[in-house]
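**Q** Protein sequences, first through last, are from chains Z and W. Going left to right, the first sequence walks through residues 1 to 144 as my numbering numbers them. Going left to right, the second sequence walks through residues 145 to 643 as my numbering numbers them. Ideal Cβ positions, reconstructed from N, Cα and C, are used throughout, including at glycine. Remember, it's a predicted structure, so these values are computed and weren't measured experimentally.
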Amino acid sequence: MADRIFAGVMLVVTLAYGWLAFTAISAPFQYDPLGPESWPRILSVVTALCFAIIILRPDTPSMNVARPTWIRLSIMVVLLIAYAELYERLGFIIATFLFGTLAARMLGATWARAALFGAIAGVVGFLLCVELLELNLPRGLLDF
Amino acid sequence: MTEVLNGLATGFGVAFTPFNLMLVAFGCFAGTLIGALPGIGPINGVAILLPIAYGLGFPPESALILLAGIYYGAEFGGRISSILLNVPGDAGAVMTTLDGNPMARRGEAGRALSISAVASFIGGTVAVVLMTLFGPLLAKFAVAFTPSDYVALMVFAFASLASLVGANPVKTLVGATMGLMLATIGVDANTGVSRYTFGVPDLLAGIDFLIVVIGLFGMAELFHLVEQQATGKLKTLPVDSSFVKFADLAFAKWTILRSSLIGFVIGVLPGTGASVASAVTYGTEKRLAGTSGDFGNGDVRGLCAPEAANNAAATGAMVPMLTLGIPGSGTTAILLGALLMFNIQPGPLLFTQHPEIAWGLIASMYLGNIALLVINLPLVGLFARMLTLPQHYLTPLIAVLAFIGIYSIVGNPFDLFLIIALGIFGWILRKLDFSLAPVILGFVLGSLFENNLRRALSISGGDWGILLQSWQSILLYALAIAVVFVPIILGRRRKAKHV
Chain Z
1 MADRIFAGVM LVVTLAYGWL AFTAISAPFQ YDPLGPESWP RILSVVTALC FAIIILRPDT
61 PSMNVARPTW IRLSIMVVLL IAYAELYERL GFIIATFLFG TLAARMLGAT WARAALFGAI
121 AGVVGFLLCV ELLELNLPRG LLDF
Chain W
145 MTEVLNGLAT GFGVAFTPFN LMLVAFGCFA GTLIGALPGI GPINGVAILL PIAYGLGFPP
205 ESALILLAGI YYGAEFGGRI SSILLNVPGD AGAVMTTLDG NPMARRGEAG RALSISAVAS
265 FIGGTVAVVL MTLFGPLLAK FAVAFTPSDY VALMVFAFAS LASLVGANPV KTLVGATMGL
325 MLATIGVDAN TGVSRYTFGV PDLLAGIDFL IVVIGLFGMA ELFHLVEQQA TGKLKTLPVD
385 SSFVKFADLA FAKWTILRSS LIGFVIGVLP GTGASVASAV TYGTEKRLAG TSGDFGNGDV
445 RGLCAPEAAN NAAATGAMVP MLTLGIPGSG TTAILLGALL MFNIQPGPLL FTQHPEIAWG
505 LIASMYLGNI ALLVINLPLV GLFARMLTLP QHYLTPLIAV LAFIGIYSIV GNPFDLFLII
565 ALGIFGWILR KLDFSLAPVI LGFVLGSLFE NNLRRALSIS GGDWGILLQS WQSILLYALA
625 IAVVFVPIIL GRRRKAKHV
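(1) Quick check: the Cα distance between E371(W) and V65(Z), rounded to an integer number of angstroms?
(2) Which residues mark the beginning and the end of the alpha helix (DSSP H) in which H536(W) is found?
(3) Indicate whether I584(W) and A477(W) have their beta-carbon atoms separated by less than 8 Å.
(4) Looking only at its chain, what residues have a beta carbon closer than 6 Å to the beta carbon of G359(W), apart from the 5 residues adjacent to it on each side?
(5) Scan the segment 540 to 552 of chain W for residues whose Cβ lies nearer than 7 Å to a Cβ of chain Z and list them as they occur along the chain.
(6) Alpha carbon to alpha carbon, how far is G590(W) from F578(W)? Give it in angstroms, no decimals.
(7) Going by C-alpha to C-alpha distance, which of I42(Z), F29(Z), V9(Z) sits closest to A21(Z)?
(8) Are S422(W) and A581(W) touching if we call contact CB-CB under 8 Å?
(9) Is the Cβ-Cβ distance between D293(W) and S617(W) less than 8 Å?
(10) Taking Cβ-Cβ distances shorter than 8 Å, what residues in chain W pair up with P36(Z)?
(11) 8 Å is my cut-off, CB to CB: does W19(Z) come that close to chain W?
(12) Counting C-beta neighbours from all protein chains within 10 Å, is the total for P522(W) 16 or more, i.e. buried, or is it exposed?
(13) Taking the alpha-carbon positions, what's the N520(W) to A174(W) distance?
(14) Can you give the beta carbon distance from M485(W) to Y198(W), rounded, assuming they're within the 8 Å contact cut?
(15) For chain W, check one thing: does any of its Cβ atoms lie closer than 8 Å to the Cβ of L43(Z)?
(16) Considering only residues of the same chain and omitting the five flanking positions on each side of H368(W), which have a CB-CB separation below 8 Å?
(17) Pull the bridge partners of R598(W) from the DSSP assignment, please.
(18) Can you give me the start and stop residues for the alpha helix (DSSP H) that L523(W) sits inside?
(19) Should R637(W) be flagged as near chain Z, meaning a C-beta pair shorter than 8 Å?
(20) Checking the sheet assignment: what are the DSSP bridge partners for R339(W)?
(21) Judging by CA-CA distance, which residue of R598(W), A546(W), P204(W) is the nearest neighbour of P40(Z)?
(22) Please compile the residues from chain W whose C-beta is within a distance smaller than 9 Å of the C-beta of M63(Z).
(23) With L505(W) and I209(W) assumed to form a contact (beta carbons below 8 Å), what rounded beta-carbon distance in angstroms separates them?
(24) Who are the Cβ neighbours of K430(W) in its own chain at under 8 Å, not counting the five residues just before and after it?
(25) Using 8 Å as the Cβ pair cut-off and three pairs as the minimum, do the segment 294 to 301 of chain W and the segment 617 to 636 of chain W touch?
(26) Shorter than 8 Å from the beta carbon of P203(W) to some beta carbon of chain Z?
(27) Taking a contact to mean a Cβ-Cβ separation below 8 Å, would you say T459(W) touches F408(W) in this structure?
(28) Rounded to whole angstroms, what's the CA-CA distance from I406(W) to S264(W)? Just pull it up for me.
(29) Run through the segment 443 to 470 of chain W for me and flag every whole alpha helix (DSSP H) of 4 or more residues, listed as ranges in chain order.
(30) Using only alpha-carbon positions, find the residue among D243(W), V158(W), A169(W) that is nearest to P450(W).
(31) Mind listing the chain Z neighbours of G598(W)? Cutoff is C-beta to C-beta under 7 Å, in chain order.
(32) Note down, one range per segment and in chain order, each beta strand (DSSP E) of at least 3 residues found wholly within the segment 239 to 284 of chain W.
(33) What is the DSSP secondary structure of A219(W), counted as helix, strand or coil?
(34) How would you list, in chain order, the residues of chain Z whose beta-carbon sits under 9 Å from the beta-carbon of F129(W)?
(35) Closer than 8 Å between beta carbons: that is the criterion. Which residues of the segment 312 to 326 of chain W meet it against chain Z?
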C-alpha cells in the first residue's frame with residue numbers, strides 16, 4: 001500500500017513533467033534533430049511506465065514505522081527546520097547549541113550531557129571551521 | 145609500459161608532497177572511523193564531507209585524494225562493526241558479519257580483525273595494480289568512442305544497474321530515471337531554452353549537485369539513524385590480543401587472491417559496487433570449499449573473501465569513473481560529481497589532460513592502502529571504542545556537518561530547507577526499498593547521456609540507425625541485454641530445478 005501511494009503521487013509528478021515536455025518546452029529554432037524537449041519526453045514515458053508497474057505490482061506493503069518512531073522523526077524534522085530558520089538569525093554558535101542540546105536530549109542523552117554536547121558542537125565547530133579551515137559560517141548575534 | 149611508469153612517476157610526485165601525504169593519512173583515518181560507525185557507510189561519509197572538502201579550496205587532485213581516501217578507508221573500516229557488533233557498517237560489509245562475528249564471539253576478535261585487515265589490504269592493493277595496468281589502456285581505447293558509442297555505454301551502465309542492484313529492477317530503473325529527470329532542470333546548453341525552471345533564477349544553472357547529495361544521502365541517513373535508535377543499546381565484543389597468524393594467511397591465500405580479482409571485475413562494471421562483489425565472492429568460496437568449509441561459523445575464508453572483494457571493488461569502481469567518465473558505484477558517482485564541480489570532465493582524456501589528477505589519485509591509493517594497514521593493526525582498539533559512541537550525539541552531529549557544508553559553500557539559508565526536504569524524500573525512498581545510488585548515478589550522468597544522444601543524432605541527421613553502427617556499440621548493447629536477461633534465465637532454471 002505504501003508503495004502504491006508513493007508511486008501514485010510520483011506518477012502524478014511524472015505526468016506533470018511529461019505534460020510540460022510535450023506542450024511547453026520548445027526551442028524557437030534549432031539545428032539538432034533532437035530538441036530540448038525530446039529527452040524529457042522519453043524520460044517521462046519510461047518513468048511513468050515504471051511507476052505504473054509499481055502501482056500494479058507493489059512489493060513493499062508498509063513503511064513499518066512504529067508510532068513512537070513517527071513522533072521522534074517529526075520532532076527531528078521540526079528541530080531541523082527551526083535550526084535552518086535560526087541559522088543566520090542567531091548565528092552558528094547559538095543555533096547549533098540549541099539544536100545540538102535539544103536533539104541529543106530528544107534522542108536519549110541527559111540534559112546536562114546534551115547541553116555540553118551542544119556547547120562543544122557550537123563553539124568547537126565554529127572555531128574549527130571559521131578560524132582553522134576558513135569556512136564561511138554565520139555569526140548572527142555574536143557578531144563581534 | 146613506459147607510459148604507465150611515467151604516469152606513476154608523475155602520480156607519486158603529486159602524492160608524495162607533504163600536504164597530499166597528510167590528506168591521504170587523514171582521509172584513511174577518517175574513512176576507517178566512518179566505516180566503523182554502524183550505519184554510516186562510505187557513500188554517506190563521502191556525501192557529508194564532500195562540501196566541506198570542496199569549501200576548503202584545495203586543488204582538485206588534493207580534494208579527490210582526500211575524498212577517495214575516505215571512500216576506500218570506509219570500505220576498510222566497515223568490517224570493524226561487522227565483526228564486533230554483528231552490525232554491518234554498510235552494505236559492502238554485510239557478508240563480513242557471517243564469519244567475522246562468530247570468530248569474535250569465540251574470543252578471537254583480534255585475530256578476525258587483523259586477518260580481515262590484511263585481506264582488505266591485499267584486495268585493495270591488487271585492485272590498484274590492476275587499475276594502473278588496465279586503466280590507461282581502457283582510456284586509450286575509449287578515446288576513439290563516438291557519441292553513439294557513449295549512448296550504448298550508458299545503456300549498458302543502466303542495464304547492469306537495474307539487474308544487479310536492489311531486489312526490484314523496476315525500482316532501481318525508476319530511481320535512475322528520477323535522477324535523469326532531476327538533471328534536466330535548468331538551461332539546455334544546446335539551445336538556451338530553460339527547462340522546468342518555472343522562472344526561478346536559482347534553478348537556471350540546474351539543481352546544485354551538493355544539495356542533492358547532502359539531502360539524499362546525509363540527511364536521509366540522519367532520519368534513518370533517528371529511526372534505528374529505538375532498537376536498544378549495542379554491545380561490542382571485547383578485542384583480545386590475538387593477532388593474524390601466518391598459517392591463516394597461507395590457508396586463505398587463494399581465497400584472498402580469487403576474491404580480489406572477482407571483486408575488481410565486479411567493481412569495474414558500472415553501477416555495481418562492493419555489496420555485490422562481497423556477496424558473489426562469499427558464495428563462490430562457500431561453493432568451492434564444499435564440505436571442507438565451516439562457513440557461517442567463523443571460517444577464515446568466509447571472512448577473507450568479502451573483505452578482499454569489497455576493497456577491490458571499491459577501487460575497481462574508480463576505473464570506469466576515471467577512464468570513461470561513468471562511475472562504477474554510488475560513491476564514485478559522488479566523486480565524479482566532485483570532479484565536475486572543479487570543472488574537470490572525467491573521461492578518456494583525463495589521463496592526458498590532467499595526469500596530475502588521474503595518476504595522483506592512483507599513486508595516492510598505493511600509499512593509502514599501506515596507511516590503512518598501518519593505522520588499522522595497532523589502532524583497532526581505538527576504533528572499537530568509537531563503536532560505543534552514543535548515537536544520540538552522532539545523529540545531531542550529522543546535521544551540524546551537513547549544515548556547515550551546505551552553508552559554507554552556497555551561503556544561502558534557503559538551501560538548508562531544501563536539504564531537509566530532500567532528506568525526507570530520500571528516507572521515504574529508502575523505506576520503500578528504492579536504492580539511492582541509482583538516483584545519484586542518473587543525476588550525474590544525465591547531461592552526458594542526453595548530450596551524446598543528441599550529438600549522435602545530429603551527426604547522422606536524425607537517423608537512429610547511427611546508434612548501431614559500430615562494433616563497440618553493438619557489443620555494449622549485447623552485454624546490456626545479457627546482464628538483464630541472464631540473471632532472469634538463471635533464476636528460472638534454478639526454480640525449475642527445485643520444483
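**A** According to the structure data:
(1) 8 Å
(2) 535 to 554
(3) yes
(4) I563, L566, G567
(5) P540, L541, A543, V544, F547, I548, Y551, S552
(6) 19 Å
(7) I42(Z)
(8) no
(9) yes
(10) D332, N334, T335, V337, R339
(11) no
(12) exposed
(13) 12 Å
(14) 6 Å
(15) yes
(16) G183, W571, R574
(17) Paired residues: none, contrary to the question.
(18) 499 to 530
(19) no
(20) G330(W)
(21) R598(W)
(22) I572, K575, L576
(23) 6 Å
(24) G437, F439, G446
(25) yes
(26) no
(27) yes
(28) 14 Å
(29) 444 to 460, 462 to 468
(30) D243(W)
(31) Correcting the residue type first, residue 598(W) is Arg in the shown sequence and not Gly. Near R598(W) (Cβ distances below 7 Å), the residues of chain Z are D32, L34.
(32) none
(33) Correcting the residue type first, residue 219(W) is Glu in the shown sequence and not Ala. It is helical.
(34) Any answer about residue 129(W) is impossible in this case: the structure gives chain W only from 145 up to 643.
(35) N312, V314, K315, L317, V318, T321, M322, L324, M325
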